[in-house]
Amino acid sequence: MKRITVFCASSYGTEKIYEEQAITLGKTLAEQNIELVYGGANVGLMGAVADGALNAGGKVIGVLPNFLRSKEIAHLGLTELILVKSMHERKTKMNDLCDGVIALPGGFGTLEELFEMLTWAQLGLHKKPIAILNVNGYYDALIELLQTMTEKGLLKEVNQKMLLVSDSIDDLLNQMRNYTAPTVGKWIDKKKL
């Protein structure tokens, strides 16, 4: 993996460990010569993961919609800042630039980005590993929901298993390196229609 996209919050949240793990993730990516692609802001966990990578000598590419730049949140110390027109263009560009995705703690935006990447993978639009760094159990309830969706027949188990999860950065990166995407067949059986 040459580049990993990280989705995360533009705030710090209530637990100091979120910021600490964001910084550590950025640093670890830099130390392993993996470039960071992220949302381009200098605030919250987004700024922390970028600073972690930059301070360790890593390369960081930010992808930021113009309307957010005007709010003066653009990180000015990045290796490269790519300005786009919309949030959708931002996600598309971040996907195009990366070899895999990690979600740190975040809110609606982080979940929306994560689930769009999962949906694209489910449809066979890419075969990249998609992962959650489950810092201090932040995503436990979401992981439980995905299990419920599978048990209730609304999510195939093979698609549930596309989401890699760990509370360890090194373990998560190892899972991503060893990931093999499922073979995507017909996801709608015409015989059952």
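Quick note: the sequence shown uses this note's numbering, first residue 78, plus one each step.
Just so it is clear, CB atoms sit at the ideal spot from N, CA and C, and this is done for glycine as well.
- Message: Looking at N172: is its Cβ nearer than 7 Å to the Cβ of Q199?
- Response: Cβ atoms of N172 and Q199: not closer than 7 Å.
- Message: If I follow the unbroken beta strand (DSSP E) through E112, where does it start and stop?
- Response: Annotation for E112: the continuous beta strand (DSSP E) segment containing it runs E112 to Y115.
- Complete runs of the beta strand (DSSP E) confined to the stretch 186 to 252 [at least 3 residues]: When DSSP assignments are scanned along the stretch 186 to 252, the uninterrupted stretches of beta strand (DSSP E) that are 3 or more residues long and fall wholly within it turn out to be 207 to 210 and 240 to 243.
- Message: Using 8 Å for Cβ pairs, my map puts Q98 next to L219. What's the rounded Cβ distance?
- Response: In fact, because the Cβ distance is near 17 Å, the residues do not count as touching under 8 Å.
- Query: If N211 sits next to S243, beta carbons under 8 Å apart, how far is it from one beta carbon to the other, in whole angstroms?
  - Reply: Their Cβ separation, rounded to whole angstroms, is 7 Å, which keeps N211 and S243 in contact under 8 Å.
- Task: Give me the Cα-Cα distance between N143 and E228, rounded to the nearest whole angstrom.
- Result: So the alpha carbons of these two residues sit roughly 42 Å apart.
- Please classify L122: is it buried, with 16 or more other beta-carbons within 10 angstroms of its beta-carbon, or exposed? Label assigned to L122: buried.
- Task: Could you pull out every residue in the same chain whose Cβ sits closer than 7 Å to the Cβ of E193, ignoring the five residues on either side in sequence?
- Result: For E193, where only same-chain residues beyond five positions count, the Cβ hits under 7 Å are K168.
- Leaving out the 5 sequence neighbours to the left and right, which residues in its chain are closer than 7 Å to R80 when beta-carbon positions are compared? If we look at R80 and ignore the five residues flanking it on each side, its Cβ neighbours are I111, E112, V114, L174, C175 and D176.
- Taking just the CA atoms, how far does G117 sit from L155? The alpha-carbon of L155 is positioned some 8 Å away from that of G117.
- Residue of G129, I94 and K93 minimising C-alpha distance to V83: The shortest C-alpha separation from V83 is found at G129.
- Task: Would you check if the distance between the CB atom of Q252 and the CB atom of L241 is smaller than 7 Å?
- Result: Result yes, Cβ atoms of Q252 and L241 sit closer than 7 Å.
- Message: Could you tell me the alpha carbon to alpha carbon distance between K136 and G230, rounded to whole angstroms?
- Response: Cα-Cα distance, rounded: 42 Å.
- Query: Expressed to the nearest angstrom, what Euclidean distance is found between the alpha-carbon atoms of G103 and Q109?
  - Reply: Whole-angstrom Cα-Cα distance: 10 Å.
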